[in-house]
Amino acid sequence: MKKTTFILMTVMLATFLATTSFADHHAIKIVKKENIGNYLTDAKGMTLYWFAKDSVGKSVCKGGCIAKWPAYYRPEIAPPSGIDAADFGTITREDGAKQTIFRGYPLYYFFKDKMAGDTNGQGVKNIWYVINPTNFPVK
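For what it's worth, our numbering labels the leading residue of the sequence shown as 30, then goes sequentially.
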């Protein structure tokens, strides 16, 4: 009896840890920063950006652009509280790579962001921006 209980507890703990790890790895967060406000990050706190030249469901960032603005992609997303999971999806880029979208727009990192909380891409060339989920997409 004790051996069965031990095995059952071990399986339950492993399942819990795997589920928690999965959710953390795929979590999107909303963080707040002075002079920027609320914005989306990945699970590690790295800022996610949108490109004003993109359109719903289509990325036009390629070549040198995608080298500086790497595409964000996770096959599954754990949305933050208050955000509908249906707001996230996936597109296939022209180069065949997958990219996660938020409310239809592709998500990117910025190569100059080195640590959680960096927002060095905000406002670059007046076409790259952090994403405030409260008023996105910007009209």
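Just so it is clear, CB atoms sit at the ideal spot from N, CA and C, and this is done for glycine as well.
Please state whether DSSP places residue i in a helix, a strand or coil.
i      : result
LYS82  : coil
THR148 : coil
LYS58  : strand
THR141 : Checking the displayed sequence, the identity of residue 141 turns out to be Lys instead of Thr. In this structure, LYS141 counts as coil in the three-state DSSP scheme.
PHE51  : Interpretation of PHE51 is limited by its pLDDT of 43, a score under 50 that renders its predicted location unreliable; the figure taken from the coordinates is listed afterwards. Of the three classes helix, strand and coil, the one that applies to PHE51 here is helix, per DSSP.
LYS87  : strand
PRO166 : coil
Counting only beta-carbon atoms, is residue i nearer than 7 Å to chain B?
i      : result
PHE131 : The structure shown contains no chain B; it holds only a single protein chain.
Go through its chain and collect everything with a Cβ distance to residue i's Cβ below 7 Å, but skip five positions before and after it.
i      : result
TYR134 : TRP79, ASP83, VAL85, PRO166
ASN161 : GLY66, ASN67, TYR68
ILE106 : HIS55, ILE57, ALA114, PHE117, THR129
GLN151 : ILE65, TYR158, VAL159
Going by DSSP, what residue range makes up the alpha helix (DSSP H) through residue i?
i      : result
ILE120 : It is not in any alpha helix (DSSP H) - ILE120 instead sits in the beta strand (DSSP E) that spans 117 to 121.
Where do the N-terminal and C-terminal ends of the beta strand (DSSP E) with residue i fall, by residue?
i      : result
GLY93  : Taken as a continuous stretch (DSSP letters only), GLY93 belongs to no beta strand (DSSP E), being part of the alpha helix (DSSP H) at 93 to 97.
ILE130 : 127 to 131
THR70  : 66 to 70
TYR158 : 157 to 159
Below 8 Å on the Cβ atoms is my contact criterion, and I expect residue i with residue j to pass it. Report the Cβ-Cβ distance as a whole number of Å.
i      : j      : result
LYS145 : GLY74  : Reading the sequence as shown, one finds Ala at residue 145 and not Lys. Indeed, because the Cβ distance is near 3 Å, the residues count as touching under 8 Å.
LYS154 : GLU123 : So it is not a contact: roughly 22 Å between Cβ atoms.
Near residue i, what residues of its chain come up, given a Cβ to Cβ distance below 8 Å and the 5 sequence neighbours on each side ignored?
i      : result
THR148 : LYS62, ILE65, TYR68, THR76, ASP142, VAL159
ASN164 : none
ALA96  : PHE140
TRP98  : TYR78, PHE80, CYS90, TYR137, TYR138, PHE139, PHE140, GLY150, TRP157
Which same chain residues end up closer than 6 Å to residue i when comparing Cβ atoms and leaving out the 5 residues on each side of it in sequence?
i      : result
GLY118 : ILE130
ILE120 : GLY86, GLN128, ILE130
LEU136 : LEU77, TYR101, THR129
* To do: Report yes or no: do three or more beta-carbon pairs, one from the segment 102 to 117 and one from the segment 53 to 69, lie closer than 8 Å?
  => yes
* Flag this pair as touching only if the segment 95 to 106 and the segment 120 to 137 have three or more C-beta atom pairs under 8 Å; answer yes or no. => yes
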